[in-house]
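To start, the structure itself, in structure tokens.
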Amino acid sequence: MQVLLALVSFALSVARAGAVPAPRQLSGLNDLFVAKGKLFWGNIGDSNTLSISSNTEVLTSEFGALTPENSMKWESIEPTQGSFSFTGADALVDFANSNCLMVRGHTLVWHSQLPAYVSAISDAATLTSVIQSHIAGVAGRYAGQFYGHEVLNEDGTLRSSVFSNVLGDSFIATAFEAARAADSTAKLYINDFNLDSNNAKVQAMVALVKKVNSGTQLIDGIGTQTHLSAGGSSGVADAITTLASTGLEVAITELDIASAPTADYVAVAQACLDEPRCVSITSWGVSDANSWRASETPLLFDSSFAPKDAYDALVSLLL
Ligand code: G3I
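The sequence shown maps to residues -19 to -1, 1 to 300 in mature numbering (1 follows the signal peptide of the UniProt record, and there is no 0).
Here's what the structure looks like:
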């Protein structure tokens, strides 16, 4: 009986040993991407995630740039008109500086996460001046320190917002001019979602940036957010080629893909590798635990911060 028990226990431990995967080695995704001629593979952060040590360990070993997830949005950074609250944004910039990460500012003008005082403005001159002061305050504070600013977010087709409703499309030039005046070195991006195939929105974006840039070049780059569903990568290469036909930089700015399929992650990375004007990729979160789409498990690291198959496949692609 004792022998039998011992055998059973041996069999169990063998089965357990076989079931536990060997710890995977991290390989420095950003370093591999940079070695292919790209600027960075970045990620996002803010005080809530920068205080999690397993998150920052992966962040600093795997990624080369930081975008603030929420702390530089209007409601966070200028919640009351003329009164800036830089605590969260400064914490992110300090973390980036301490860890040699570039920063993308996100986002100077967006229809969402706006304080009520902005949404309530109906007078064009007032709104213009409020936009200018906001951008001077935010971009001015970090002038010379950022790789780039996302000046506009999700407005490629002029969605209805206080900005487009009161000012028409003139607010776009106003915003980019204010950002250029506040920070002459940052790359200025327009950043939008649903630019994931060569669709009507991609065509509208190309037409918009050509129009805005027809006199002086105000827009330096187009950000494509790239929040994909599983299997949604098939049109990404074509869309990036079309966006790059403007002659501007292109960046994948908020990458996450439902259930993190290997094939989709590889296709997106390959699309950027194949287009010389595609300068960077930013993943929208490190671990599924902190993703805005947590239930869809879209990131490269699971909720225990372990790398997924898609991570390994990207490393193989980039080696
Ligand atoms: O800060 C409050 C906290 O005080 C409160 O207790 C809590 C209760 O729900 O909410 C907290 O605010 C949340 C905020 O994130 C900060 O965590 C908001 O509810 C939540 O809606 C907000 O979500 C953000 C979302 O933008 C808002 O649209 C996500 O974190 C952020 O990942 C997401 O990112 C956007 C990009 O900026 C632009 N592109 C689309 C992308 C997804 O919407």
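Even glycine gets a Cβ: it sits at the ideal position worked out from N, Cα and C.
Since the model is a prediction, treat every value here as computed from it, not as a measurement.
Going by beta carbons, VAL183 and ALA220 fall inside the 8 Å limit.
By the Cβ neighbour-count rule, ARG140 is exposed, with fewer than 16 other Cβ atoms within 10 Å of its own. Burial is judged here by how many other beta carbons sit within 10 angstroms of a residue's own beta carbon; GLY129 has at least 16 and is buried.
Beta-carbon to beta-carbon, ASP255 and THR207 are separated by about 15 Å, too far to satisfy the 8 Å threshold. Its chain contains HIS92 as the residues whose beta carbon lies nearer than 6 Å to that of SER142, once the 5 sequence neighbours on both sides are disregarded; these appear in chain order. Between the alpha carbons of ALA211 and LEU189 lies a distance of about 29 Å. Between TRP22 and LEU7, the C-beta spacing is not below 8 Å. GLU131 is bridged by DSSP to HIS87, TYR170.
Counting the other CB atoms within 10 Å of its CB gives ALA181 a total below 16, which places it among the exposed residues. For SER93, no beta strand (DSSP E) encloses it, and the DSSP letter there is neither H nor E. Following the DSSP letters along the chain, one finds LEU47 inside the beta strand (DSSP E) bounded by residues 46 to 49. Excluding the 5 residues flanking it on each side, ASN36 has same chain C-beta neighbours closer than 6 Å at THR30, VAL267, in chain order.
MET53 and GLY86 have their C-alpha atoms spaced approximately 7 Å apart. Not one heavy atom of the ligand G3I sits closer than 7 Å to the Cβ of ASN24. When DSSP reads this structure, TRP22 sits in a beta bridge with ILE262.
If you check the CB distance, GLU158 and LEU199 come in under 8 Å. Of VAL15, PHE76, GLU230, the smallest CA-CA separation from VAL187 is found for GLU230.
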